[in-house]
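Data block below; observations after.
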């Protein structure tokens, strides 16, 4: 098979056949838990940690996983093993896992139960879109304060990674109406920084890395790497409340996310951070990260981003 494979409800199928019914609660309610994992040199990175977080989230929203952890891990590795063979050796994959609550039975004309008890399980991959962020390793990214707030924990725990993410979609849309190349930074109901729409946020002040308090954010697998690397490099790391003024006073700002790993922030609103250039703490962390995974993260992104932009359409 020359087409990528996907796993859907017990079967390996061509990616183009992986479709959800309009009656699926993932569509009807956004009742879906998800994880995105990436590969380095075609090997999945921190897969166990992603699966552990997935299962914790499933428990929180009362969705049965349908597969055991070991079974799901085997599915993920099988999908990547096949699909990575269709790519150049220097290209890497993102892998998406999502599990929905199944079908909405009233939409099927059934009224005995409110919802189906059989979840939908899907695993698929995609080539990492390095061209979306390759230049930002050198120039940094632009963040702007979102008008909307982070999820209120009294309504839904912000530490859960679900696909009920319309508030994040709206936040980026609003920001990009003002500045097309910027991304949203969300604050919580107390006025402190929480996270971006796709990753965790950090400040560097006087050689200390600061991140928002863990109860107010989705704890990232990449964030775990930042903590680990900071300890390895002898850089102090602390969790604290971060205000807008703290960002303006920072020496550096960073974000982390599965696909791009770590990215400098060189502008917040109209304010320039770190003289508009990636700072030394970013350089130390990304270098150590590259060494750990055996791939030059920045170089790979630059080479593959340029190749994808120049590829025939």
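In this note's numbering, the protein residues as written are 87 to 399. Ideal Cβ placement from N, Cα and C applies to all residues, glycine included.
Outcome for residue i when other beta-carbon atoms lying within 10 angstroms are tallied against a minimum of 16
i, result
"residue 365", "buried"
"residue 279", "buried"
"residue 398", "exposed"
"residue 192", "exposed"
"residue 357", "exposed"
"residue 276", "exposed"
"residue 100", "exposed"
"residue 174", "exposed"
"residue 303", "buried"
"residue 239", "exposed"
"residue 255", "exposed"
"residue 292", "exposed"
"residue 139", "buried"
"residue 329", "exposed"
"residue 156", "exposed"
"residue 385", "exposed"
"residue 127", "exposed"
"residue 178", "buried"
"residue 220", "buried"
"residue 395", "exposed"
"residue 214", "buried"
"residue 274", "buried"
"residue 102", "exposed"
"residue 176", "exposed"
"residue 351", "buried"
Bridge partners - residue i, DSSP secondary structure assignment
i, result
"residue 387", "DSSP output for residue 387 lists no bridge partner at all."
"residue 248", "119"
"residue 341", "287 and 349"
"residue 126", "129"
"residue 100", "91"
"residue 180", "124 and 212"
"residue 168", "Bridge partners of residue 168: none, in fact."
"residue 189", "110"
Of the listed residues the options, nearest to residue i (C-alpha basis)
i, options, result
"residue 226", "376, 395, 375 and 369", "369"
"residue 300", "294, 325 and 293", "325"
"residue 150", "165, 287, 216 and 203", "203"
"residue 96", "207, 250, 186 and 165", "207"
"residue 209", "374, 165 and 219", "165"
"residue 367", "241, 337, 115 and 194", "337"
"residue 296", "340, 222, 205 and 260", "340"
"residue 241", "188, 146, 111 and 380", "146"
"residue 272", "314, 153, 360 and 355", "355"
"residue 285", "383, 349 and 94", "349"
"residue 171", "117, 247 and 88", "88"
"residue 84", "159, 104, 108 and 142", "Outside the modelled stretch of the chain, which goes from 87 to 399, sits residue 84, for which no answer is possible."
"residue 148", "168, 217, 290 and 117", "117"
"residue 180", "167, 212 and 190", "212"
"residue 312", "288, 351 and 333", "288"
"residue 332", "351, 290 and 362", "290"
"residue 405", "321, 317 and 232", "There is no way to answer for residue 405, as the model of the chain reaches only from 87 to 399."
"residue 182", "144, 229, 195 and 133", "133"
"residue 249", "363, 237, 236 and 119", "119"
"residue 90", "169, 135, 373 and 234", "169"
"residue 375", "317, 228, 107 and 136", "317"
"residue 294", "323, 123, 167 and 281", "323"
"residue 152", "94, 105, 194 and 327", "94"
**Q.** Any beta strand (DSSP E) of 3 or more consecutive residues that is wholly inside the stretch 193-244
**A.** 206-213 and 227-235
Q.
Using a Cβ distance threshold of 8 angstroms, determine whether the stretch 385-396 contacts the stretch 259-275, with at least three qualifying pairs required.
A. no
(Q) My parser needs the beta strand (DSSP E) runs of 3 or more residues fully inside the stretch 345-369; what are they? (A) 347-354
Q) Counting Cβ pairs, one atom from each stretch, are 3 or more of them under 8 angstroms apart for the stretch 306-318 and the stretch 333-348? A) yes
Q. In chain order, which continuous runs of the beta strand (DSSP E) of length 3 or greater are located wholly inside the stretch 268-333?
A. 269-273, 279-282, 286-291, 294-297 and 322-325
Q) Three or more C-beta pairs closer than 8 angstroms, one from the stretch 102-113 and one from the stretch 178-187: is that the case here? A) yes
Q | Touching by the beta-carbon criterion (3+ pairs, under 8 angstroms), the stretch 370-380 and the stretch 157-171 | A | no
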